[in-house]
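In our numbering, the protein residues as written are 3 to 248. Even glycine gets a Cβ: it sits at the ideal position worked out from N, Cα and C. Keep in mind the model is a prediction, meaning the values are calculated, not measured.
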Amino acid sequence: MRIYKTSDYNTLSQKAAALIAAQVVQKPVSVLGLATGSSPIGIYKQLIQWHHEGILDFSQVSTVNLDEYKGLPRDNVQSYYYFMNENLFKHININPESTYIPDGMESDDAKECSAYESVINNMGGVDLQLLGLGYNGHIGFNEPADNFAKATHCVDLQKSTIDANKRFFASAEDVPKQAYTMGCGTIMRARKIVLIASGAEKADIIAKALEGPVTPQVPASILQFHPDVTIVATADALTKISGETI
Ligand code: F6R
């Protein structure tokens with residue numbers, strides 16, 4: 003595991019975007035696993051800029067997102083489909099048919115989850131998976147649990163996640179209570195993982211995830227077992243880490 007320490011959010015965004023850009027330059031037909039939330043917005047801005055400057059070509063790239071709220075239609079401004087379109091896809095030359103996000107409007111959990119796993123398998127798996135980190139240690143929407151979920155599944159969101167995400171909604175009641183998410187197993191099958199974390203309020207959970215015991219109570223801790231993980235985090239998010247940083 004490599005841990006890059008950056009002075010601020012802008013540098014974090016540039017460094018993590020550079021890792022994604024390197025992946026796309028080296029393998030133009032890459033499958034990128036993407037995340038939503040506040041953390042990746044700066045990365046997506048940087049990728050868009052490099053695309054506009056002619057440095058990055060997404061025409062052969064495919065993407066698969068980590069998760070989607072259950073019950074939100076694609077045109078809902080809070081859906082992750084809407085987020086990805088607004089913050090990345092509509093600004094780059096990616097083929098919309100090569101971008102995949104779970105269908106939040108599919109009510110049949112088993113059908114949607116197995117279809118999503120098939121999409122990922124048929125693409126040949128994820129080359130690089132971008133992850134944010136929830137305050138409770140979640141990756142995707144894998145909430146603290148008694149075991150690590152192996153595959154895409156429907157999850158009940160925990161109160162702490164609903165509280166953390168209510169800032170995007172009119173009120174906590176409006177936050178969907180369930181989501182479809184890749185499992186920890188799906189995430190671990192990605193060939194490379196880049197996890198980003200920004201801000202002092204992530205310092206406790208990042209230390210638990212990277213240096214604490216590996217436990218499904220801290221879902222991100224499973225990344226300690228992945229052979230190719232890069233962490234890009236701001237200095238204030240790394241104050242409780244004892245291991246070496248770059
Ligand atoms: C988003 C996702 C979540 C977020 C996490 C951190 O697709 O899967 O795990 O990455 O909740 O969110 P932010 O970046 O808003 O702190």
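- In this structure, S40 has its CB closer than 6 Å to one or more heavy atoms of the ligand F6R.
- For D69, the distance from the CB to the nearest heavy atom of the ligand F6R is below 6 Å.
- One alpha carbon belongs to T65, the other to I243, and they sit about 32 Å apart.
- The continuous beta strand (DSSP E) containing K194 extends over residues K194 to A199.
- Distances taken from the Cβ of A151 to the heavy atoms of the ligand F6R include none shorter than 6 Å.
- A24 and S100 have their C-alpha atoms spaced approximately 20 Å apart.
- Taking all protein chains in view, the Cβ of K72 is crowded by 16 or more other Cβ atoms within 10 Å, so the residue is classified as buried.
- Taken from the Cβ of G185, every heavy atom of the ligand F6R lies 6 Å or farther away.
- The residues Q80, in chain order, have a CB closer than 7 Å to that of F170 in the same chain once the five nearest residues on each side in sequence are set aside.
- When only Cα atoms are considered, S15 and L34 end up about 16 Å apart.
- Separation of A205 and P218 (C-alpha to C-alpha, rounded to the nearest whole angstrom) is 19 Å.
- For G44, the shortest separation between its Cβ and any heavy atom of the ligand F6R does not lie below 6 Å.
- Taking 6 Å as the cut-off, the C-beta of A37 counts as close to a heavy atom of the ligand F6R.
- Short of 7 Å from the beta carbon of G134, and not among the five residues preceding or following it, lie these beta carbons of its own chain, in chain order: A37, G39, S41, P42 and I198.
- If you look at A181, you'll find it in the beta strand (DSSP E) that goes Q180 to T183.
- Taking 6 Å as the cut-off, the C-beta of H54 does not count as close to any heavy atom of the ligand F6R.
- Between R4 and T236 a beta carbon distance of about 16 Å is seen, past the 8 Å cut, so the two are scored as non-contacting.
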